[in-house]
Amino acid sequence: MEQSIGYIVGGGLREGFKVRLTVPAHEVQEGSFVVCDSGRWRFFGLVTNLQLGATDPRFADEQSDRLAPAVRSALLGRTLFTTLEVYATLMLDLGPEDDSEFLDWQERVEKGLEQSGPKPVKTVPSHHSPVRLADEGDVAEIFGKAGKGMLALGETIEQGHPVRIDLGKLVKRSSGIFGATGTGKSFLTRIVLAGMMKEDVAGALVFDMHNEYAYDDLDSDNDITVLGLKSLFGSKVQVAGLGAGARVRGNSPDFTLEIGYKDFTSEDLALLASALKLTDVASVVLSGLIRAFGSDWLKEYMALTPGLTEENDKGKMVPAPGSVEYWAREQNINEIAARTLHGRLQQLTDRPYVVEKPAGDAVAAIVNQLENGRHVILSFGEHDNDLDYLLVSNILTRRIRNQWVEMTDAAKTNRTPNPKPIVIAIEEAHKLLSPHLASQTAFGTIARELRKYFVTLLVVDQRPSGIDDEIMSQLGTRITGWLGDEDDIRAVLTGLAGRDQLRGMLARLQEKQEVLLLGWGVKMPIPIKSRRYDEEFYAEMKGNAKAKKLDSIDDINDLLGLG
Ligand SMILES: Nc1ncnc2c1ncn2[C@@H]1O[C@H](COP(=O)(O)OP(=O)(O)OP(=O)(O)O)[C@@H](O)[C@H]1O
Ligand SMILES: [Mg+2]
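In this text, residue positions in the sequence shown follow the numbering used here: the first is 21, and each later residue adds one.
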């Protein structure tokens with residue numbers, strides 16, 4: 021067990037515990053994970069502040085290096101000292117101190133009559149209870165031990181004890197990865213996705229706007245190649261490209277997708293309104309179109325020619341049948357608005373992957389891969405502007421969610437197994453989940469309905485303040501790197517306890533190295549050194565990790581089958 025670093029001298033539930041430090045201040049930092057045993061309770065907490073104090077302020081002002089060493093060391097630590105502020109997060113019942121009562125208690129715990137495990141802090145340790153840094157066992161007690169479905173996401177900052185997340189639990193709710201640009205979001209997303217793929221907790225569908233995840237990529241910071249998920253998992257990861265003949269970073273994808281004219285609904289266009297610069301009148305034209313042509317509206321409308329005129333009997337040029345204006349007049353719709361919309365829609369139909377009759381059903385192709393235990397990375401290739409991203413991700417997600425809703429309902433009715441859980445990963449999530457879009461997109465619906473239909477989101481974003489608050493509060497696990505902007509910090513802490521204590525910690529994380537793990541999906545918040553995406557990680561994902569170090573007699577017994 022770790023040596024004590026100090027003892028409780030005051031504080032309370034609201035303001036946190038105060039701890040007098042008995043070791044040099046530089047051995048403890050903000051964010052350190054500390055433990056305090058008091059009676060039958062073990063308290064867990066995070067250091068949120070270090071404060072210099074003096075019982076007599078005169079000595080604090082006095083330079084102590086003029087004093088004799090013996091006097092000086094007597095002064096430091098007694099008259100002059102450091103106090104830690106500890107934000108208490110959890111407490112664990114260790115059972116009665118009396119031996120026979122303890123055995124009774126243990127039996128009740130084993131029978132499930134007594135609730136064990138860490139719970140929220142509801143009391144305080146007694147004065148002078150010793151406080152120590154958390155050891156590996158404490159970290160494992162809270163964040164889980166190595167095993168099936170567990171992924172070490174990083175380690176505690178001072179001691180380097182592994183901090184794990186339970187991937188099975190993670191995918192039950194939507195979650196998020198945040199941080200200012202360049203803080204390591206994409207690397208961490210690779211790590212989390214790789215973990216999910218290795219442990220087979222869910223099928224992943226990644227909307228890879230910047231073509232980062234599938235194939236190997238150059239890490240420009242260090243000038244080394246980092247492996248893509250396709251290299252790590254081979255055919256278990258299928259790469260989809262957009263449009264026939266698509267190429268992704270010089271590779272030909274495993275399959276290609278096309279979007280048909282019939283796939284567009286008026287809701288999709290409402291979502292694209294700002295990307296296409298549509299005004300309110302456009303929606304009037306749109307409802308006219310749907311009224312007139314039904315689901316064939318896009319095809320029929322694009323078949324009309326704008327500006328086609330003919331001479332009438334009075335020798336005047338008027339819109340000819342087959343023109344946009346002619347149709348508008350017939351429908352009593354503003355001609356200019358109709359023409360503008362026609363022009364804007366042309367931007368959609370000009371996309372090479374938007375075709376009147378697609379060669380295959382894009383959604384069926386993706387669903388088929390996911391149902392067969394594979395993962396799909398949809399790389400946008402050269403189509404990486406906002407319009408492409410919004411259009412493709414919305415249309416596909418809406419239809420995939422519908423499919424999962426149908427499968428879940430069918431499973432309930434027929435009492436057959438539920439569909440395979442899937443996680444949809446989206447970069448630049450604020451573009452799809454902004455407050456005015458969140459109520460309309462399939463993404464908003466998915467984030468809100470939790471895992472009712474076995475579809476959840478992995479939201480990746482550098483601008484969390486751009487995401488609807490309600491959606492943010494639904495994200496169970498949030499992994500966040502450094503954030504500088506006050507609004508972004510406020511956004512990632514939405515709906516969580518201890519916001520004031522965590523705010524400073526978040527603003528002082530080391531870029532590219534450290535992240536804060538938090539959210540109601542994790543037992544307590546903790547800053548960690550993030551896992552490196554390197555050879556060692558690849559080896560573990562490929563299942564040929566270096567033979568485990570034999571630390572204890574138990575490990576040796578396990579190995580020999582004697583455990
Ligand atoms: N876990 C990690 N393992 C190895 N290198 C990392 C890790 N995290 C961050 N880095 C380093 O930091 C750099 C930036 O990381 P990354 O590309 O993931 O940032 P980002 O937050 O996705 O940035 P952007 O917002 O611009 O997409 C990487 O190129 C890499 O050198
Ligand atoms: Mg990135």
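Beta carbons: idealized from backbone N, C-alpha and C, even for Gly. Keep in mind it's a predicted model, so treat the numbers as computed, not measured.
Item: Residues near ligand 2, criterion Cβ-heavy atom distance below 6 angstroms; Value: 205, 206
Item: Validate contact between the stretch 481-500 and the stretch 64-79 using beta carbons, cut 8 angstroms, 3 pairs; Value: no
Item: Residues of its chain near residue 521, where Cβ-Cβ distance is below 8 angstroms and the 5 sequence neighbours each way are ignored; Value: 36, 66, 68, 107
Item: Delimiting residues of the beta strand (DSSP E) encompassing residue 27; Value: 24-32
Item: Given 8 angstroms, three or more beta-carbon pairs between the stretch 552-562 and the stretch 505-514; Value: no
Item: Contacts around residue 415, its chain only, beta-carbon distance under 8 angstroms, and the 5 residues preceding and following it disregarded; Value: 279, 283, 284, 288
Item: Runs of alpha helix (DSSP H) wholly within the stretch 190-248 (minimum 4 residues, chain order); Value: 205-219
Item: CA-to-CA distance, residue 114 to residue 120, given in whole angstroms; Value: 14 angstroms
Item: Identity of the residue in 209, 207, 154 nearest residue 182 by Cα; Value: 154
Item: Continuous beta strand (DSSP E) assignments of at least 3 residues falling wholly in the stretch 344-431; Value: 395-399
Item: Contact check, residue 544 vs residue 176, beta carbons under 7 angstroms; Value: no
Item: Run of the beta strand (DSSP E) containing residue 550, from where it starts to where it stops; Value: 546-550
Item: Cβ-Cβ distance between residue 471 and residue 189 below 7 angstroms; Value: no
Item: Cβ-Cβ separation, residue 417 to residue 463 (assumed contact under 8 angstroms), whole Å; Value: 6 angstroms
Item: Minimum length 3: unbroken beta strand (DSSP E) runs contained in the stretch 431-461; Value: 442-446
Item: Closest residue to residue 346 among 508, 365, 326 (Cα-Cα distance); Value: 326
Item: For residue 182, three-class secondary structure by DSSP; Value: strand
Item: Residue 553: CB within 6 angstroms of a non-hydrogen atom of ligand 1; Value: yes
Item: Endpoints, the alpha helix (DSSP H) within which residue 138 is located; Value: Where residue 138 is concerned, there is no enclosing alpha helix (DSSP H), given that its DSSP letter is neither H nor E.
Item: Identity of the residues DSSP links to residue 58 by a beta bridge; Value: 61
Item: Buried versus exposed call for residue 231 [16 or more other C-beta atoms within 10 Å across all chains shown]; Value: buried
Item: C-beta atoms of residue 361 and residue 304 nearer than 7 angstroms; Value: no
Item: Buried or exposed by the 16-neighbour rule on C-beta atoms within 10 Å, applied to residue 531; Value: exposed
Item: Rounded straight-line distance, which links the Cα of residue 461 to that of residue 429; Value: 21 angstroms
Item: Cβ-based burial, residue 318 [other Cβ within 10 Å; buried from 16]; Value: buried
Item: Own chain partners of residue 563 with C-beta closer than 8 angstroms, once the 5 adjacent residues on each side are dropped; Value: 218
Item: Euclidean distance between Cα positions of residue 227 and residue 265; Value: 19 angstroms
Item: Pairwise C-alpha distance: residue 359 and residue 296; Value: 14 angstroms
Item: Integer Cβ distance of residue 26 from residue 104, believed to fall under 8 angstroms; Value: 6 angstroms
Item: Residue 195 burial status per 10 Å Cβ neighbour count (16 or more: buried); Value: buried
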